[in-house]
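Chemist: This structure is in structure tokens; I'll ask about it shortly.
In my numbering, the protein residues as written are 26 to 244.
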């Protein structure tokens, strides 16, 4: 399985002739996202926020290619009413195949930002039994994970919670996503806390590596 980071929370995943796009949001690199949507056979969307679901580009892609299938929760599915795509509503515990790629769904709700902001539904995806994309929540799938994609920064995150999240899941390795609002200094600082650099945080005991925009890797 080949994985390419599209920026922020977006991924392009390919196996054989099948292309799966995860969280095609507004903070992705727009050229990379456009190419991925042009080639997409399936979409996984964790939740409705614009940085994970760029409604206009997604709707345009679905109008161009009505064979695209979408797997998402009920909130996003409602926003896709009227598109020609086949939209599958999934929830915590759902399992399905996207092309030849096995996917399991975990979690129900977005992490709390503030008590005055209503929660929205959030569905994390374990892809091919290897890659876990939690969306905007620190959901523990309680299954082995090879690559954990850590949501590194948002209005709901706290570094200490991220450290505990990684420690709890114990993946073989981790990479940061959801970092569009972090400066280079912020990205370096988060890496220092999560990867046990002297003088920073306690670390997690899990190897940390950054993804490179547009550069595919095999897993």
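Glycine included, C-beta positions come from ideal geometry on N, C-alpha and C.
Where residue 102 and residue 87 are concerned, what is the direct C-alpha to C-alpha distance, given to the nearest angstrom?
Modeler: The residue labelled residue 102 in the question sits at position 77 within the chain shown. The residue labelled residue 87 in the question sits at position 62 within the chain shown. Residue 102 and residue 87: Cα-Cα distance of roughly 13 Å.
Chemist: Determine whether the beta carbon atoms of residue 31 and residue 57 lie at a separation below 7 Å.
Modeler: On the chain shown, position 6 is the one that residue 31 refers to. On the chain shown, position 32 is the one that residue 57 refers to. Taking 7 Å as the Cβ cut-off, residue 31 and residue 57 qualify as a contacting pair.
Chemist: Looking at residue 201 and residue 175, is the spacing between their C-beta atoms short of 7 Å?
Modeler: In the chain shown, residue 175 corresponds to position 150, counting from 1. In the chain shown, residue 201 corresponds to position 176, counting from 1. Cβ distance < 7 Å, so residue 175 and residue 201 count as in contact.
Chemist: Going by DSSP in three states, residue 39 sits in which element: helix, strand or coil?
Modeler: Within the chain shown, numbered from 1, the residue matching residue 39 stands at position 14. In this structure, residue 39 counts as strand in the three-state DSSP scheme.
Chemist: Just list the alpha helix (DSSP H) runs in the stretch 33-120, keeping only unbroken ones of 4 residues or longer that don't cross its boundaries, in chain order.
Modeler: Within the stretch 33-120, the complete alpha helix (DSSP H) runs of at least 4 residues are 55-64, 80-89, 99-104.
Chemist: Taking all protein chains shown into account, decide if residue 99 is buried (16 or more other Cβ within 10 angstroms of its Cβ) or exposed.
Modeler: Along the chain shown, one-based indexing puts residue 99 at 74. Its Cβ having fewer than 16 others within 10 Å, residue 99 is exposed.
Chemist: Starting from residue 244 and walking both ways along the alpha helix (DSSP H), at which residues does that stretch end?
Modeler: The count along the chain shown starts at 1 and reaches residue 244 at position 219. Premise fails: residue 244 is in no alpha helix (DSSP H) and is neither H nor E.
Chemist: Do you know whose CA, among 137, 152, 38, lies nearest residue 127's CA?
Modeler: For the purposes of this step, residue 127 is identified with residue 102 of the chain shown, where counting begins at 1. Comparing Cα-Cα distances from residue 127 to each of 137, 152, 38, the minimum goes to 152.
Chemist: Inspect the beta-carbon positions of residue 105 and residue 112 and report whether they are closer than 7 Å.
Modeler: Working through the chain shown from its first residue, we reach residue 105 at position 80. Working through the chain shown from its first residue, we reach residue 112 at position 87. It is a contact, given that the beta carbons lie within the stated cut-off.
Chemist: If distances are taken between C-alpha atoms only, which option among 40, 191, 82, 157 comes closest to residue 51?
Modeler: The residue you call residue 51 lines up with position 26 of the chain shown. Ranking 40, 191, 82, 157 by Cα distance to residue 51 puts 82 first.
Chemist: By the three-class DSSP mapping on this structure, what secondary structure does residue 127 have?
Modeler: Sequence index remark: in the chain shown, residue 127 carries index 102 (1-based). Three-state DSSP puts residue 127 in a strand.
Chemist: Whose C-beta lies closer than 8 Å to the C-beta of residue 135 among residues of the same chain, with five residues either side of it excluded?
Modeler: Mapped onto the chain shown, residue 135 falls at position 110. So the qualifying residues of the chain are 72, 74, 144, 145, 146, 147, 160, 161, 162, 181.
Chemist: To which residues does DSSP link residue 122 through a beta bridge?
Modeler: Locating residue 122 in the chain shown gives position 97, counting from the first residue. 127.
Chemist: Report buried or exposed for residue 42, applying the criterion of at least 16 other Cβ atoms within 10 angstroms of its Cβ.
Modeler: Locating residue 42 in the chain shown gives position 17, where the first residue counts as 1. That one is exposed.
Chemist: According to the Cβ coordinates, are residue 54 and residue 194 closer than 7 Å?
Modeler: Within the chain shown, numbered from 1, the residue matching residue 54 stands at position 29. Within the chain shown, numbered from 1, the residue matching residue 194 stands at position 169. No, Cβ-Cβ distance for residue 54 and residue 194 is not below 7 Å.
Chemist: Name the one or two DSSP bridge partners that residue 138 has.
Modeler: If you number the chain shown from 1, residue 138 lands on position 113. Its beta-bridge partners do not exist; DSSP assigns none.
Chemist: Verify whether the separation of the beta carbon atoms of residue 206 and residue 233 is less than 7 Å.
Modeler: As a first step, residue 206 must be located in the chain shown, where it is residue number 181. As a first step, residue 233 must be located in the chain shown, where it is residue number 208. Against a cut-off of 7 Å, the Cβ pair of residue 233 and residue 206 comes out as no contact.
Chemist: Using only the heavy atoms of the ligand ADP, determine whether one of them is closer than 6 Å to the beta carbon of residue 179.
Modeler: Although the ligand ADP was asked about, the structure shown includes no ligands whatsoever.
Chemist: Can you tell me whether residue 149 is helix, strand or coil according to DSSP?
Modeler: For this step, residue 149 is matched to residue 124 along the chain shown. If DSSP states are grouped into helix, strand and coil, residue 149 belongs with the strands.
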